[in-house]
Amino acid sequence: MKYAAVIFDLFGTLVDKFPLEEHRKILQQMASVVSAPPDDFTRLWFDTYEERGMGTFQSYEANIEYICQKLGVKTDNSHVKFAVKINREGGARLMKPRPHSTELLAYLKTENYKTGLISDCGVEIPKIFNNMPFALLIDMAIFSSLVGMQKPDLRIYQLAAERLEVKPEDRLYIGDGDSNELTSALEAGMQPVLVRNPAEDHNDVYRTYFEGDDWQGPAISSLREVRDLIE
Ligand SMILES: [Mg+2]
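Numbered per the working numbering, the sequence shown finishes at 246, counting up by one with no gaps.
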């Protein structure tokens with residue numbers, strides 16, 4: 016075996032990125048529940064992306080309360096809770112496995128590879144992730160908000176190596192290129208591969224520190240190609 020473990024990014028890699036237009040609709044529903052101006056609420060939701068990923072907000076309730084406070088909007092607990100429910104249900108609806116994700120992970124397990132996940136995300140995402148068809152095929156999942164660090168922090172890759180008990184050079188990392196994740200995975204000693212999504216509408220996704228357009232390293236256009244890389 017060329018590698019002992021394959022580690023995946025989540026959004027844009029194992030699941031589709033949330034379509035921005037659909038995501039905005041959910042945020043506007045949340046805003047109306049807490050009586051906040053929809054556009055300001057949406058803007059502040061995206062402005063707090065980093066804090067959400069770092070786990071600064073221990074709950075989405077705290078995130079929403081922070082936004083309402085910033086906007087000078089008075090709201091109560093039950094409305095905030097309802098807004099979180101809308102977010103969770105909307106997230107579950109939008110989180111769709113990418114083609115071949117389950118099939119690939121099942122194959123990797125059959126062939127005795129260790130499998131891992133590193134995702135920059137808020138604290139609600141792990142709950143939705145657990146319902147994905149491939150969730151049980153992943154040996155070790157790291158969610159940034161639960162460990163208080165996010166990509167491209169090299170420590171998050173080191174933590175993955177420790178938890179999987181695999182040397183960095185024996186790990187393949189597959190990601191769609193947000194958060195400079197490929198360059199940082201390389202710096203952490205892993206073998207990074209860009210996965211491109213030809214079907215994705217690039218104007219309808221939210222990206223941060225995207226390096227997919229400039230990436231000179233190995234790249235694939237479908238998860239199905241991962242098998243060719245490891246065999
Ligand atoms: Mg991604």
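Backbone N, C-alpha and C fix where the C-beta goes; we use that ideal spot for every residue, glycine too.
Closer than 6 Å: residue i CB and nearest ligand 1 heavy atom
i: F26; result: yes
i: D31; result: no
i: D191; result: yes
For residue i, the three-state DSSP class (helix, strand or coil)
i: I140; result: helix
i: T57; result: helix
i: F26; result: strand
i: G68; result: helix
i: P183; result: helix
i: Q44; result: helix
Any chain D beta carbon closer than 7 Å to residue i
i: P34; result: No chain D appears in this structure, which consists of one protein chain only.
Nearest-angstrom beta carbon gap, residue j and residue i [assumed within contact, 8 Å]
i: S159; j: G68; result: 5 Å
i: L42; j: R113; result: About 23 Å separates the two Cβ atoms, so there is no contact after all.
i: V171; j: I133; result: Per the sequence shown, the amino acid found at residue 171 is Ile instead of Val. Contact flag correct, Cβ pair sits at about 6 Å.
Host alpha helix (DSSP H) of residue i (start-end)
i: Q173; result: L169 to L179
i: I245; result: V241 to I245
i: A98; result: N92 to L109
i: I249; result: A question about residue 249 goes unanswered here, because the residues of the chain that appear run from 16 up to 246.
i: V49; result: Unbroken run through V49: none, as it is neither H nor E.
i: Q224; result: The sequence given here places Tyr at residue 224; Gln does not occur at that position. First-last for Y224: undefined, no H or E at that position.
i: S199; result: E196 to E202
Host beta strand (DSSP E) of residue i (start-end)
i: S4; result: Only positions 16 to 246 of the chain appear in this structure, which leaves residue 4 out of reach.
i: F23; result: A20 to F23
i: I133; result: K129 to S134
i: V220; result: No beta strand (DSSP E) holds V220; DSSP gives it neither H nor E.
i: R186; result: R186 to G190
i: L86; result: Unbroken run through L86: none, as it is neither H nor E.
i: P207; result: Q206 to V210
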